[in-house]
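Numbering-wise, the sequence shown is residues 1 to 296 according to our numbering.
Written out below as structure tokens is the structure these notes cover.
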Amino acid sequence: MKDRLESVFGILNINKPAGVTSRDIVNIVQRVIRPMKTGHAGTLDPLATGVLLVPVGRATRLTEYIHKASKTYVARFELGKTSDTEDSEGLVTPYAVAAEPTSEQVQNVVDGFQGKQWQQPPVYSALRVNGKRAYQLAREGKPVELKRREIEVFHIQVLSFSYPQLTVEVNCSSGTYIRSLGRDIGERLQTGAIMTKLARTAIGDLQLQHAVAPEFSSPADVEAALVNPLRALAGFEQLVLTDLQQQELMHGRRITVPAVVDSLVLGVSSDDELLTVLQRVDESDHFKPIKNFFPS
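Listed below in structure tokens is the structure:
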């Protein structure tokens, strides 16, 4: 039993329904596979649906890297309104003066959000301020000061527009708040905007169409649904390791790889299995293992 628990190494691609928290989904999985470790990578608000990745077993050690993967969303905004939470869950008020924009105006404004930019996170967020969640301070009526963060929108397109409803698809960097993106679109249109629906359709190469419902009755059900962790780490450079390199890394030794560009690299086998996470040493051609996943 212990050996089996220690060998599990995969990720669940779960389709989170609306009305439950990301933590609720983790708890569902945890109850079935306890004492095996689990967690989640990339929180979804209760309002949101779609892809929620749940690392299981040794894959929980990859959570910090999965967080960095690009994400794709389909979001619906309602123009002509604003909200203290930037979505329909908060205190919604009509925008003071909201002239109906044309489709061309909407398209031009939305197109302007592609690329790197600075974003002001919403005060109703899980970001910490002096050790406390921002949303907790906001609910207590206390001032919340959050620093702007640099994000990148790799691709954004209008899927449909019929005032006041606007639906967009966004592929963006980790840390992007789609609510706040809608807020900023509304400000540029001079209409205001609140998010009324959000679905995450992909993280890395893991897509919503292949996600499973959070319904598991046994550890075998969970294990059958696991996918290769590399699917969630598509943005990282990979290096196929030779047998000699594997032996060196298994013993914690450095290897020399002149052709690698990135400072963080995934060492994989010829069978496309993740074996180790490698980090460049002092801008040299030497790489050291920082997280090993070699089979025991």
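Ideal Cβ placement from N, Cα and C applies to all residues, glycine included.
Note to self: Suppose the cutoff is 6 Å on Cβ atoms and the five residues either side in sequence are ignored; what does the same chain contact list for SER83 look like?
What the structure shows: GLY90, VAL92, ILE194
Checklist line | Run of the alpha helix (DSSP H) containing LEU137, from where it starts to where it stops | finding: 134 to 139
Margin query: Can you find the residues in the same chain that come closer than 8 Å, C-beta to C-beta, to GLY212, ignoring five residues on each side of it along the sequence?
Written below: At residue 212 the sequence reads Val, which differs from the Gly that was named. Here the set comprises LEU12, ASN13, ILE14, ASN15, ALA225.
Item checked: Among SER218, PRO46, GLN136, SER162, nearest to GLU145 - alpha-carbon criterion -> GLN136
Margin query: Considering Cα atoms alone, identify which of HIS286, THR63, VAL97, ILE290 is closest to GLU187.
Written below: VAL97
Notebook entry, point to check: Is the region 41 to 48 touching the region 146 to 158 in the sense that three or more CB pairs, one from each, lie closer than 8 Å?
Noted result: no
Item checked: Nearest neighbour of ARG183, chosen from LEU278, ASP243, GLY267, PHE113 [CA to CA] -> PHE113
Margin query: One question on the structure: do GLY10 and ALA69 come within less than 8 Å of each other, judged by their Cβ atoms?
Written below: no
Next item on the list: Report buried or exposed for VAL86, applying the criterion of at least 16 other Cβ atoms within 10 angstroms of its Cβ.
Entry: For clarity, residue 86 is Glu in the given sequence; the question names Val instead. Per the 10 Å Cβ criterion, buried.
Notebook entry, point to check: Is MET297 helix, strand or coil when you go by DSSP?
Noted result: Here the chain covers residues 1 to 296 and nothing more, so residue 297 does not appear.
Next item on the list: Sort GLY57, ALA75, LEU241, MET250 by Cα distance to LEU49 and report the nearest one.
Entry: The amino acid at residue 49 is misidentified as Leu; the sequence shows Thr. For THR49, the nearest C-alpha among the options comes from ALA75.
Checklist line | Buried or exposed by the 16-neighbour rule on C-beta atoms within 10 Å, applied to THR191 | finding: buried
Checklist line | CA-to-CA distance, ILE33 to MET1, given in whole angstroms | finding: Low local confidence applies: a pLDDT of 42 at MET1 is under 50, so the model's placement there is unreliable, and no value is given.
Note to self: Please state the DSSP three-state secondary structure of TYR65.
What the structure shows: helix
Note to self: Which residues does DSSP list as the beta-bridge partners of ASN13?
What the structure shows: LEU53
Margin query: Does the contact criterion of 3 or more C-beta pairs under 8 Å hold for the region 21 to 30 versus the region 230 to 245?
Written below: no
Notebook entry, point to check: What are the boundary residues of the beta strand (DSSP E) that GLN209 is part of?
Noted result: Neither: GLN209 is in no beta strand (DSSP E) and is coded neither H nor E.
Notebook entry, point to check: If we count the other Cβ atoms within 10 Å of its Cβ and call it buried at 16 or more, is THR38 buried or exposed?
Noted result: buried
Next item on the list: Compute the Euclidean distance between the alpha carbons of SER103 and GLN119, then round it to the nearest angstrom.
Entry: 25 Å
Next item on the list: May I have the straight-line CA-CA distance separating TYR65 from VAL129, to the nearest angstrom?
Entry: 23 Å
Item checked: Residues bridged to LEU278 (per DSSP) -> VAL265, PRO289
Margin query: So the candidates are SER160, VAL227, LEU239, GLU78; which of them puts its Cα closest to the Cα of VAL277?
Written below: LEU239
Next item on the list: Check the C-beta distance from PRO164 over to LEU62 and give it rounded, since I have them as a contact under 8 Å.
Entry: That pair is no contact at about 41 Å.
Notebook entry, point to check: So, ILE203 versus LEU53, is the Cβ gap smaller than 8 Å?
Noted result: yes
Next item on the list: Spell out the partners DSSP gives THR167 in its beta bridges.
Entry: ARG76, SER160
Notebook entry, point to check: Who are the near neighbours of LEU230 in its chain, counting only those whose CB is closer than 6 Å to its CB and skipping five residues on each side?
Noted result: LEU274
Next item on the list: Would you mind stating whether VAL106 and PHE161 have Cβ atoms separated by less than 8 Å?
Entry: yes
Margin query: With distance defined between alpha-carbon atoms, name the residue in ARG179, PHE294, ASP272, SER263 nearest to SER284.
Written below: SER263
Item checked: Three-state secondary structure (DSSP) of GLU104 -> helix
Next item on the list: Answer yes or no: does any C-beta atom of chain D fall closer than 8 Å to that of VAL240?
Entry: Among the chains of the structure shown, chain D does not appear; only one protein chain is present.
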